[in-house]
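A.B. asks:
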Amino acid sequence: MRGEIITIGNELLSGHVTDTNATFIADRLFQFGIETIQITTVGDDEVRIVESLKTAVSRADVVVVTGGLGPTPDDITSKAVAKGMGLRLVLFPEALDQIEAKYEKRGIKLGPGAERQALMPAGSEMITNPVGTAPGYHILQDEKHVFVLPGVPEEMTVMMDQGVLTIIAERLRRGSFVAKKVLKVFGLTESQVYERVKDIPYDRDRIKVGFLPIFPENHVTITARSKESMERAEELVEGIEKKMRVELGERVFGEDDETLDMVVSGMLITGGLTLAVSESCTGGLLSKRLTEVPGSSAYFKSGIVSYSNEAKSYLIGVDPVLISTKGAVSSDVAEAMALGVKRSAKTDIGISITGIAGPSGGTEEKPVGTVFIGLAYDDDRGAKRKRSEIVVSKGYKFIGDRGRIRLISSEMALEWLRRCLLGKKVSEVGERWSR
1 MRGEIITIGN ELLSGHVTDT NATFIADRLF QFGIETIQIT TVGDDEVRIV
51 ESLKTAVSRA DVVVVTGGLG PTPDDITSKA VAKGMGLRLV LFPEALDQIE
101 AKYEKRGIKL GPGAERQALM PAGSEMITNP VGTAPGYHIL QDEKHVFVLP
151 GVPEEMTVMM DQGVLTIIAE RLRRGSFVAK KVLKVFGLTE SQVYERVKDI
201 PYDRDRIKVG FLPIFPENHV TITARSKESM ERAEELVEGI EKKMRVELGE
251 RVFGEDDETL DMVVSGMLIT GGLTLAVSES CTGGLLSKRL TEVPGSSAYF
301 KSGIVSYSNE AKSYLIGVDP VLISTKGAVS SDVAEAMALG VKRSAKTDIG
351 ISITGIAGPS GGTEEKPVGT VFIGLAYDDD RGAKRKRSEI VVSKGYKFIG
401 DRGRIRLISS EMALEWLRRC LLGKKVSEVG ERWSR
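Start counting the sequence shown at 1; every next residue gets the next number (full-length UniProt numbering).
#1: Taking its Cβ as the centre, do 16 or more other Cβ atoms sit within 10 Å of LYS384, making it buried, or is it exposed?
#2: In the DSSP assignment, find the unbroken alpha helix (DSSP H) run with SER306 in it and report its ends.
#3: Counting only runs that start and end within the segment 281 to 367, where is the beta strand (DSSP E) found for 3 or more residues in a row?
#4: For the alpha helix (DSSP H) that contains ILE25, what are its first and last residues?
#5: Can you find the residues in the same chain that come closer than 6 angstroms, C-beta to C-beta, to GLU431, ignoring five residues on each side of it along the sequence?
#6: Just checking: is the beta-carbon of LEU290 within a distance shorter than 8 angstroms of some beta-carbon in chain D?
#7: At what residues does the beta strand (DSSP E) containing ASP378 begin and finish?
#8: My parser needs the beta strand (DSSP E) runs of 3 or more residues fully inside the segment 113 to 167; what are they?
#9: Indicate whether LEU273 and ALA413 have their beta-carbon atoms separated by less than 8 angstroms.
#10: Where does the unbroken beta strand (DSSP E) through PRO213 begin, and where does it stop?
#11: Report the option in PRO130, THR221, GLU250 and GLU46 whose CA atom is closest to the CA atom of LEU421.
#12: Exposed or buried, what is ALA114 when buried is set at 16 or more other beta-carbons lying within 10 Å of its beta-carbon?
#13: Going by the CB atoms, is the gap between LEU87 and GLY123 shorter than 8 angstroms?
#14: The beta strand (DSSP E) with ILE8 in it runs from where to where?
#15: Which one of LYS144, GLU154 and PHE147 has the shortest CA to CA distance from THR133?
#16: Could you have a look at ILE405 and say whether DSSP puts it in helix, strand or coil?
#17: How would you write the range of the beta strand (DSSP E) that TYR396 sits in, first residue to last?
#18: So what does DSSP say about SER278, is it helix, strand or coil?
#19: Using DSSP bridges, identify the partner residues of GLY254.
#20: Is LEU375 near ILE351, with beta carbons less than 8 angstroms apart?
#21: Check whether the Cβ atoms of ILE222 and LYS181 sit closer than 8 angstroms, and answer yes or no.
#22: Do you know how far the Cα of GLU51 is from the Cα of SER78?
#23: Would you tell me roughly how many angstroms separate the C-alpha atoms of ASP332 and GLY395, rounded to the nearest one?
#24: Report yes if the CB atom of LYS348 is closer than 8 angstroms to the CB atom of ASP378, and no otherwise.
#25: So which of TYR299, VAL329, VAL62 and GLY84 has the shortest CA-CA distance to LYS346?
#26: Less than 8 angstroms separating the beta-carbons of ILE304 and ILE323?
#27: Let me know if GLY369 comes out buried or exposed under the rule of 16 or more other beta-carbons within 10 Å of its beta-carbon.
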């Protein structure tokens, strides 16, 4: 079964807005055995929308259109869809009632654009918008399914999952069952990941393996199709997944929608451990990532952005003499920062980042991209009887612009935490970036 996606909006063509809708929709369709054969982006131009829709319907079984359902005059998608499908626009009283209720709930006066949002091609099936005001709709014509949704991602994703996929599951004949697994790797290049798993045997007719670098990680996607059942498709994925995990070992930090932030947070919560952070060049990015996960108050006790040398001294107790002799960007200072923040916050673990993110500030000895990570933890990490503190550090030379250096620095620090919590040697990770 084939699918096409049409995203509409001048802002997409001008580059002012990144199209995230298409990738989300394609992934969801894929899970239902629908292969996306074309993704088209058009501006707010009625003629081009009509042309794109007619072409898509001529070659695909399922077409999903997003964007242009707002209340302003430039929102012309419904008019173009009606024309492309040979239907007339009609007012849906149910849609207008829902829009009016939402306006009233928000204390907003109903404007002239509200009625425009309640206009849909005759014979359409309305798809409720639980987030915003503009409803979507489904058109079935000559066994072709056309779904039209708002372009706002927060609205579209919910309507796709709760509306479109429900219709697809109930009314479309499934051509095959598709199972998918994503293994997320940090610390290996794309080619290194490939070399480790390339000799694993599998049924290449039913199983596909893809390699996707998403800086600073590398993701391995395993997809299997089965005409028998979803259980069989999942069995095929599980078989090769187990073999890949053996070859990739502890470099695999998570799967599917898991992020390194989520994995580390879960380990801290499970272990009943507490953490404090001191960072300079990352400007609070590590603390931000660690606190984005719900429940972070259980483990995250303190986050200090000690950007200046003075702040390193008076906030976390780093000796000014150490800074002047070794330099703020050094292994010694990274260790002092980690130990200082751990002790001041009275936590089980303290971690630090100090470096030069650029574009200025580098020297021949310590160029832009020079970053040191420090880690301090109790040797029994949480037991009632604490025997001693272990402090380690390591320097890296990262390459890229300011944003990339800050991102990979925070990622490396999270990986240090993960390995520490696993009882592994933290300094073994990131050898290709070592100073």
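Where is the CB? At the ideal position from N, CA and C, for every residue including glycine.
C.D. replies: Quick look at the numbers:
#1: Because the pLDDT of LYS384 is 49, which lies under 50, any placement of that residue in the model is unreliable, and the question is left without a value.
#2: Per DSSP, SER306 lies in no alpha helix (DSSP H) segment and is marked neither H nor E.
#3: If only uninterrupted beta strand (DSSP E) runs of at least 3 residues are considered, those enclosed by the segment 281 to 367 are 300 to 305 and 349 to 355.
#4: First-last of the alpha helix (DSSP H) with ILE25: 21 to 31.
#5: Cβ neighbours of GLU431 within its own chain (closer than 6 angstroms, five residues either side excluded): none.
#6: Note that chain D does not occur in the displayed structure, where there is just one protein chain.
#7: Its beta strand (DSSP E) spans residues 370 to 378.
#8: Counting whole runs of 3 or more residues, the segment 113 to 167 contains the beta strand (DSSP E) stretches 119 to 121, 125 to 127, 136 to 141 and 144 to 149.
#9: Contact flag unset, no.
#10: Segment 207 to 214, the beta strand (DSSP E) holding PRO213.
#11: Ranking PRO130, THR221, GLU250 and GLU46 by Cα distance to LEU421 puts GLU250 first.
#12: Here ALA114 is buried: its Cβ has 16 or more other Cβ atoms, across all protein chains shown, within 10 Å.
#13: Remark: C-beta atoms of GLY123 and LEU87 approach each other more closely than 8 angstroms.
#14: Where ILE8 is concerned, the enclosing beta strand (DSSP E) stretches over 2 to 8.
#15: The residue from LYS144, GLU154 and PHE147 with its alpha-carbon nearest to that of THR133 is GLU154.
#16: Of the three classes helix, strand and coil, the one that applies to ILE405 here is helix, per DSSP.
#17: Start and end: 389 to 397.
#18: Correct three-state label for SER278: strand.
#19: Its beta-bridge partners are LYS184.
#20: Closer than 8 angstroms, so yes.
#21: Taking 8 angstroms as the Cβ cut-off, ILE222 and LYS181 qualify as a contacting pair.
#22: Using only the alpha carbons, I get a separation of about 14 angstroms.
#23: Their backbone Cα atoms lie some 10 angstroms apart in a straight line.
#24: Just to set this straight, residue 348 is Asp in the shown sequence, not Lys. In this structure, ASP378 lies closer than 8 angstroms to ASP348 by Cβ.
#25: Of the listed residues, the one whose Cα sits closest to LYS346 is TYR299.
#26: It is not a contact, given that the beta carbons lie outside the stated cut-off.
#27: Note on GLY369: 16 or more other CB atoms within 10 angstroms of its CB, so buried under the neighbour-count rule.
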